[in-house]
Structures are given as structure tokens and as C-alpha cells.
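Notes follow once the structure below has been shown.
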Amino acid sequence: MHTIFKASVLVATLAIAGSAAARDGNYTPVGTWKTIDDASGKPKSLVVITENNGVLQGKIEKLFRGPTEDQNPKCDKCTGANKDQPIIGLVILSGLKYDGKEWTGGEITDPASGKVYKSKAELIEGGTKLQVRGYVGVPMFGRSQTWVREE
């Protein structure tokens, strides 16, 4: 009887540890995300989000471009250090910190316009999607995109 009890405790402990690990893996934006074009609904790019000392950063890893489009475009509308830099490899998301529910206090760059906006992000649908919002002033005045986690 004592052995059955120990085995039950072990199984329960492993199940709890496994679910915590799965939760941690799904409830962090760290990973690769597919961005979707607002107008066409087609994939636009892959963004890799990394974390360093609790701060998130997202860099464009790949662009989904048509055969007649420039396959290695530069951010010609960007300003400062990003001016005329290749869009592939460009850091477009930076400074996001977790506040208990979402990641806030960051900035996002739109390579098409070169504009930089304040940003925040929130995981939705069990961590399979990331709601990213760029805004001016307050979040109410902005635009959201839903990114899809790449497996």
C-alpha cells in the first residue's frame, strides 16, 4: 500500500511539473512568430522574439515576398541607425517588459513607413497567438496585429 502511495505522489508531481513547463513555454512571447498582412491576410514575415534580463526584442528573420518583389529590401523610410538597413535582421520590437498580464513599455517599428510607435503585446488563445499593438500616446489610438506562433 505504501508503494502505491509513493508511486501516486510521483506521478502527480511529474504531471504538475510537466504542465508548469508547458505553461511557461506557451505563456512567453519568446519564439518565432508569423506576421500576417492586414490587407491580404497572407503571411508577411517571421519575427524572432528573444528575452534578455526580462526585456523582449523582436527581429525580422524572414520575409514572404512575391517573385517579382525585392527579396532583400532596405528600410529606406527608417531614420537614424535603421536608415537604409536590410529589413531582414532589423529589430522592429524592443523594450517590452512583463507587467503581470501583458508586455508593455516597448516600441515597434513599421518598416514600410519607417515610423516608430509605442507598443504592447499580449498572448491570446493559449499562447498560440500574440496580439501586438502599436500606438501614439495611449493604446486607444493605435492598431493591433495578431501574430501566429510558429511551431
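Read in order, the letters of the sequence shown are residues -22 to -1, 1 to 129 in mature numbering (1 follows the signal peptide of the UniProt record, and there is no 0). C-beta: ideal position from N, C-alpha, C; glycine also.
Simplified DSSP state of residue i, which is helix, strand or coil
{"i": "glutamate 103", "result": "helix"}
{"i": "glycine 19", "result": "coil"}
{"i": "asparagine 60", "result": "helix"}
{"i": "arginine 43", "result": "coil"}
{"i": "isoleucine 66", "result": "coil"}
{"i": "valine 114", "result": "coil"}
Neighbour-count burial assignment, residue i, 16 or more Cβ in a 10 Å radius
{"i": "serine 23", "result": "buried"}
{"i": "threonine 87", "result": "buried"}
{"i": "proline 89", "result": "buried"}
{"i": "asparagine 30", "result": "exposed"}
{"i": "glycine 84", "result": "buried"}
{"i": "arginine 1", "result": "Here the model assigns arginine 1 a pLDDT of 36, short of 50, so the residue's position is not dependable, and the following value carries that caveat. Exposed, by the Cβ-count rule."}
Under 8 Å between C-beta atoms of residue i and residue j
{"i": "glycine 11", "j": "valine 33", "result": "Checking the displayed sequence, the identity of residue 11 turns out to be tryptophan instead of glycine. For tryptophan 11 and valine 33, no; Cβs fall outside 8 Å."}
{"i": "leucine 74", "j": "lysine 37", "result": "no"}
{"i": "aspartate 54", "j": "aspartate 62", "result": "yes"}
Endpoints, beta strand (DSSP E) assigned at residue i
{"i": "threonine 13", "result": "9 to 14"}
{"i": "glutamine 49", "result": "Per DSSP, glutamine 49 belongs to no beta strand (DSSP E) and is neither H nor E."}
{"i": "serine 91", "result": "Premise fails: serine 91 is in no beta strand (DSSP E) and is neither H nor E."}
{"i": "glycine 83", "result": "81 to 87"}
{"i": "glycine 120", "result": "120 to 127"}
Integer Cβ distance of residue i from residue j, believed to fall under 8 Å
{"i": "proline 21", "j": "leucine 101", "result": "Contact doesn't hold; Cβ gap of about 19 Å is too wide."}
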